[in-house]
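Asker: Which chain is which? The protein sequence lines are B, W and V, in order.
Each residue of the first sequence is one higher than the one before, starting from 559 at the first, in the numbering used here.
Each residue of the second sequence is one higher than the one before, starting from 42 at the first, in the numbering used here.
Each residue of the third sequence is one higher than the one before, starting from 38 at the first, in the numbering used here.
Here a beta-carbon is modelled for each residue, glycine too, at the ideal position from N, C-alpha and C.
If you're wondering where the values come from, they're calculated on a predicted model, not measured in any experiment.
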Amino acid sequence: MSAPSPAGLAVRELGVRLGSRQVLSAVSFDVNPGEHVVIMGPSGAGKSTLLRAIAGLIAPVAGSIQWEGASWSSGHDLRVPPERRGIGMIAQDLALWPHLTVREHALTTLRWRGFALDERAAEAERLLAWVGLAGLAESRPSQLSGGEAQRLALVRAMAGGTRLLLLDEPFTALDLPLRRALGRESAAIARERGATVLHVTHDPADAERLASRVLVLEAGHLVQFGTVGALRARPATEFTQALFAGSS
Amino acid sequence: MKKLALITLALCLAVSCSKPGGSGEVVLYTSLNEPTARAVLDVFERESGLRVRLTADTERDKTVGLVRTLLEEQTHPRADVFWNSEAANTVRLQRAGVLEKLDPPPAGWEAIPTQFRDPDGVWFGFAARARVLIVNTDLVPASDRPRSIWDLVDPRWKGQAGIVRPVTGTTLTHLTALHETLPPAEYERFLAGIRANECHLPPGNGRLAKLVGEGQIHFGLTDSSDYRLVKAEGLPVDAIYPDQDGLGTLVIPNTVARVRGGPNPEGARKLIEFLLSERAEEILAFHQRGHIPLKPGVKRPPEVAVPGEFRTMKVDFLRIGAEVEARMRELDARFP
Amino acid sequence: MTRRAPGNGAAEGLTLAAALVAFLIGPLPVLVAAGDALLAPGEAWNALADPLLWRRTLSSAAITAAVLALALPAGLLAAWVLARTDVPWPRAWTALLALSLFLPPLVHAISWVSAWRLSGFGAILLVHGVVATPFVALLAMRSLASVSRAQHDTLRLLGGTRAVLLGELRHAWPGASAGAALAAAFVLSDFTTADFLTSVGPKITVAADSIYAHHLGLRSGAAAAAGLPAALAVLAGLALAARDLLRRGSSIRARFEPAPRLELGRARMPVLLGLALLAGAASVAPFASLALSAGSPAAVVRAALKNLDSITFTFATAAASATLGVALATILLALAPRLSRAALFVLACVPLAASPLTSGIGLIRVWNQPELAWAYTGATVVICATAGRYLLIGALPVADGMARIDAGLVDAARLAGAARLAAFGSILEPLLRPAILVGWCLAFAFALRETDAFVMLRAGQSALASRLYANVVFAREDELAALALVFALVCATPLLVLSATHGLRGSRA
């Protein structure tokens, strides 16, 4: 594990309980600014919980989270609420707001992100044009195709200059070519904007193509964190070994 | 949604602000129903210039609501006058210190027969009701009419007679009066007889009168006012003043008293004096319910009989008031 | 990059204020009055040890159980037919069923008695059953709105239409059990219906008669204690129902696919006949009977004009009460943390479970203060009394709506920069709006027909329902019928608005 990085994300001894179950135990790692870290692990390993804890949507029971040198949480104490962390997140089911149109998604997010009234419309148009949704501005989420909905989720996650993007298996409902294309697109957009990405996926190909480093969680513990090459060369567990066994 | 909320809040404010108040108002709590009370109060308002703010009983709670309200409000009284349609609960409130003596006594008080007023001058009776037997004339031939409350427990009428379940109102007062008047064994025989004779037990005197009128019950014990309402509907009923050759018929007056510490004591006196006037008794006598005037010489319709024209039962309402709570407990358990 | 979001402190402040107001208008008066039991422990113990109380409690329990045995299957089946099949005119049937809730049970009883001269245990069951079935049906329908196409398809593949029916009825259970618990609360606290319907023949008394007898005897400690068994039973039922209701899957999300409606085919006629029978018994028959007793339309108009002041008062106070109650419920359910939400739910149950006379005494003790004279003698106390008593009625549909909203939608808003209050205003409230509207209409209906909370409040005597009761007691059936029809028309207004706009079907996804 590298030394604490004041410019990126630093997670120290993080512990999370959900009800009576200890979901994460003493998880520590650092992520450098602009890195694309892929998080992998068997189902129930605590991957989504890790992202939700970083987002501030659940309160940890131990440890600390720091971003760019500022403390987001320490022990039970949520020092910065989710809305002030400047995080973008795309969840598996996207969580688009059913009562808002595509344009309203962008405008609402920009309002919350602190954009002045006169800037919002132009910025919203720019964002929608950027992901190719300009023609669907008045549609509601239920009228969008799977790919269009994913792009809308991306607009919402990146609006207002997001610096940390959390992807929680966001493209699993799509067919393989589209999923991979969207994965590449998101990564490119994040890179273009200098955003740091934490990306939960089950697809080793995502790790191969997108990850600067891979973090492996098993039963709530961090078991390995390194480049794909390092993991393949020295897998710490059977899971990691199986994960990259077929690839080269 | 926001519009809806604004409209309802505006309505709420309008309603909240519409309450009247001031010394030109007398607050009256009455266990009488509103239309009957209003017949008298409208005249009072016209003549006195005072406005009467009325809280009438729905009888859903059979006067207990008003009595409890007056007791609970004792620390900050809101009512000026209590007008009760019977006497027992007035005595209960008197005993609890809720009511106060009118000093000097209201004008014309001496004309009220002593049996119907408080010897200490706290409450006064007027416009009474008699406890009568209401009979369905289609079902019971004239030669075969009941003549006594004891007919309720006569096996000849098994399953055909009715009495209100005796835990409230004038029926409770009536049974308390019997408890005070009859030898214990006789009282016991009467209670046991009601059960044994399978008397029907409707929830109120109005309902009982209606059931007799409809022929669902042959006869029953009710108030003269309820008999008159059913008669006015054209139903085949007649009223019998029971026990004319014995105990006599129970007459229960309306009673009125001033609430201790009420906001408008002078207004209270004016209202009480009006209610006790011949004028008020006359209005109530000519009302559909035909209340019985207690003062001599009050004009009344010919069918409204007054004590003297029929034999009345001698009772002490102070004793009834003191005893009514214990009887209610006993009767609730006896008629489960 | 991100602006400081000031809304969280405001959200906490608002939640706290709402919790405080809810406590003041709901449980506080009840607890103040019930405290008499602690001040007179001997009296309270004697009341609890009285075999008569337990005999009557048993009789209440038997009536409630029999009523639920009728209302649960009938309500569930009606809900399924209306929510999940292609039965014609579902909105009209729903409105007819809902209409019956707007008449106090005693008025139902009177309408049945004047038409058929019914009496005895069977009549009590019929009247309470007729009132309880729509409770079950309407809330079960809302539960059925969250059946997804995938669930439906799975059931169909497993066992055809029969499996769909059985599986989806299980889906309807949370709503149905909430409806049953509410209906049970009303059956247990009612003492007028049994009394009225056993005017002739053997008398049936219920647990509420014992409470009432203690109040008559001015023994409030005994009354509070005697009310305890029924109140605990109601609380337990409501708590179980609430737990079921809140453990639901979400159906309010962008990509929810509702299950398709089943074709009735040859079953159409029998189903229509069944619905007609139910709606006839619940609404058409009582109203027709009242219309007949009322005499002429002119009599109804006369009754309306004569009671115009009361109608205005009742409409305005009920609307204000429903708005206050539903606003409190929405704020608390949406903004309070999960644990305190459960506590609030129990608190909302307390006023509903308490005996009306106990509530009345508590209301006087809380509100009859020199500084509060303006509130105590005016409409404010009436608004607060009904809002407090029926907080739960307004809260149930909102809680149901909340349970159906995907939590991720609010999380997404928080991450997009919205403080809790902003997320509530922009995301939760618009999505909850149909549920809020249903809650408002139910709370409005119950505030309109309320008489229990007014028994001891002088301000409440101006309400239309109190006048209705006065006519019941004084056996003025012509006026009563005319007044009841006016009352029904007043009550039906929000129902028609609801039917025309959103419907009670809760089909929003």
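Less than 8 Å between the CB atoms is what I'm expecting for V237 (chain V) and I100 (chain V), so what's the real figure, rounded?
Answerer: Contact flag wrong, Cβ pair sits at about 18 Å.
Asker: For L468 (chain V), go through chain B and note every residue whose CB falls closer than 9 Å to its CB, in chain order.
Answerer: Under the 9 Å cutoff, chain B gives W655, P656 and H657.
Asker: Considering only the alpha carbon of each residue, which of W:E151, W:D121 and W:R370 lies closest to G162 (chain W)?
Answerer: Minimum Cα distance to G162 (chain W) is reached at W:E151.
Asker: I'd like to know whether the C-beta of E677 (chain B) is nearer than 7 Å to at least one C-beta of chain V.
Answerer: False, the Cβ-Cβ gap to chain V never drops below 7 Å.
Asker: Between the beta-carbon of A218 (chain V) and the beta-carbon of G274 (chain V), is there less than 7 Å?
Answerer: Closer than 7 Å, so yes.
Asker: Please specify which runs of the beta strand (DSSP E), each continuous and at least 3 residues long, are wholly inside the region 681-732 of chain B, giving them in chain order.
Answerer: As far as the region 681-732 of chain B is concerned, its whole beta strand (DSSP E) runs of at least 3 residues are 722-726.
Asker: Enumerated in chain order, which unbroken segments of the beta strand (DSSP E) with a length of 3 residues or greater are wholly contained in the region 85-154 of chain W?
Answerer: Entirely contained in the region 85-154 of chain W, the beta strand (DSSP E) runs reaching 3 residues are, in chain order, 92-97 and 122-125.
Asker: Identify whether H594 (chain B) lies in helix, strand or coil by the three-state DSSP scheme.
Answerer: Here H594 (chain B) sits in strand by DSSP.
Asker: Name the two residues that bound the continuous beta strand (DSSP E) containing V237 (chain V).
Answerer: No beta strand (DSSP E) contains V237 (chain V), which DSSP labels as neither H nor E.
Asker: Using a Cβ distance threshold of 8 Å, determine whether the region 312-325 of chain W contacts the region 193-202 of chain W, with at least three qualifying pairs required.
Answerer: No: the two stretches stay apart, fewer than three of their Cβ pairs being nearer than 8 Å.
Asker: Assess contact between the region 652-659 of chain B and the region 444-461 of chain V, defined as three or more Cβ pairs (one per stretch) separated by less than 8 Å. Is contact present?
Answerer: They touch, by the three-pair rule.
Asker: Just to make sure I have the definition right: I need the residues of chain V whose C-beta is within less than 8 Å of the C-beta of T667 (chain B). Which are they?
Answerer: What T667 (chain B) touches in chain V: A453 and G454.
Asker: Just confirm the distance between the C-beta atoms of R206 (chain W) and K240 (chain V), as a whole number of angstroms; I'd bet it's less than 8 Å.
Answerer: Contact holds; Cβ gap of about 7 Å.
Asker: Buried or exposed for S703 (chain B), going by 16 or more other Cβ atoms inside 10 Å?
Answerer: Exposed, because fewer than 16 other Cβ atoms sit within 10 Å of the Cβ of S703 (chain B).
Asker: What residues in the region 330-362 of chain V bring their beta carbon closer than 8 Å to a beta carbon of chain A?
Answerer: Structure shown: chain A not included; protein chains present are B, W and V.
Asker: Ignoring anything shorter than 4 residues, give me the alpha helix (DSSP H) runs that lie fully in the region 204-249 of chain V, in order along the chain.
Answerer: Those alpha helix (DSSP H) runs which fall completely within the region 204-249 of chain V and span 4+ residues are 229-234.
Asker: Straight-line CA distance for A273 (chain W) to T211 (chain W)?
Answerer: A273 (chain W) and T211 (chain W): Cα-Cα distance of roughly 22 Å.
Asker: Quick one: does I645 (chain B) have its CB under 7 Å from some CB of chain V?
Answerer: True, the Cβ-Cβ gap to chain V drops below 7 Å.
Asker: Quick one: list the residues of chain V neighbouring W670 (chain B), beta-carbon separation under 7 Å, in chain order.
Answerer: Residues of chain V passing the Cβ test: A453, G454, A455 and A459.
Asker: In the DSSP assignment, find the unbroken alpha helix (DSSP H) run with L113 (chain V) in it and report its ends.
Answerer: Segment P88 to R121, the alpha helix (DSSP H) holding L113 (chain V).
Asker: Name, please, each residue of chain V whose Cβ falls closer than 8 Å to the Cβ of M369 (chain W).
Answerer: Within 8 Å Cβ-Cβ: A250, L253 and G254.
Asker: Under three-state DSSP, which class holds E66 (chain W)?
Answerer: Strand, per DSSP.
Asker: Rounded to whole angstroms, what's the CA-CA distance from L143 (chain V) to L384 (chain V)? Just pull it up for me.
Answerer: Cα to Cα, L143 (chain V) sits roughly 28 Å from L384 (chain V).
Asker: Thinking just about the alpha-carbon of each residue, which of V:G462, V:T530, V:A521 and V:V475 is nearest to the one in A47 (chain V)?
Answerer: Nearest option by C-alpha distance: V:G462.
Asker: Contact check, N344 (chain V) vs L494 (chain V) under 8 Å by CB: the rounded distance?
Answerer: Not really, about 19 Å apart at Cβ, beyond 8 Å.
Asker: Which chain V residues are close to D373 (chain W), counting only those with a beta carbon under 7 Å from its beta carbon?
Answerer: Here the neighbours are A250.
Asker: Go through the region 145-204 of chain V residue by residue and report every complete run of the beta strand (DSSP E) that reaches 3 residues or more, in order.
Answerer: Entirely contained in the region 145-204 of chain V, not one beta strand (DSSP E) run reaches 3 residues.
Asker: Alpha carbon to alpha carbon, how far is L51 (chain V) from A565 (chain B)? Give it in angstroms, no decimals.
Answerer: If you take the alpha carbons of A565 (chain B) and L51 (chain V), they lie about 38 Å apart.
Asker: Among the residues of its own chain, which have a CB less than 8 Å from the CB of A156 (chain V), if the five just before and after it don't count?
Answerer: In the sequence as displayed, the identity of residue 156 (chain V) is Ser instead of Ala. These residues qualify, in order along the chain: V150, L234, T235, S236, V237 and G238.
Asker: Have a look at V:A502, V:A364 and V:A103 and flag the residue whose alpha-carbon is nearest the alpha-carbon of V419 (chain V).
Answerer: Ranking V:A502, V:A364 and V:A103 by Cα distance to V419 (chain V) puts V:A502 first.
Asker: Going by C-alpha to C-alpha distance, which of W:K355, W:A137, W:R186 and W:P342 sits closest to L219 (chain W)?
Answerer: When each option's Cα is compared against that of L219 (chain W), the closest is W:K355.
Asker: Taking C-alpha atoms, which residue in V:Y249, V:A213 and V:A215 lies nearest to T229 (chain V)?
Answerer: Measuring from the Cα of T229 (chain V), the nearest candidate turns out to be V:Y249.
Asker: Along the region 227-249 of chain W, where does the CB come closer than 7 Å to a CB of chain V? Name the residues.
Answerer: Within the region 227-249 of chain W, the residues whose Cβ lies closer than 7 Å to some Cβ of chain V are H241, L242, P243, P244, G245, G247 and R248, listed in chain order.
Asker: Please report the straight-line C-alpha distance between G543 (chain V) and E205 (chain V), rounded to a whole angstrom.
Answerer: Only weak support exists for where G543 (chain V) lies, its pLDDT of 41 falling under 50; the value from the coordinates is given anyway. Computed Cα separation, rounded: 16 Å.
Asker: Against L194 (chain V), what residues of chain W qualify as contacts under a CB-to-CB distance less than 9 Å, listed in chain order?
Answerer: Here the premise fails: no neighbours, minimum Cβ distance about 41 Å.
Asker: Let me make sure I understand the geometry here. Which of W:A374, W:R158 and W:D267 has the alpha-carbon closest to that of K142 (chain W)?
Answerer: Among W:A374, W:R158 and W:D267, the Cα nearest to that of K142 (chain W) belongs to W:R158.
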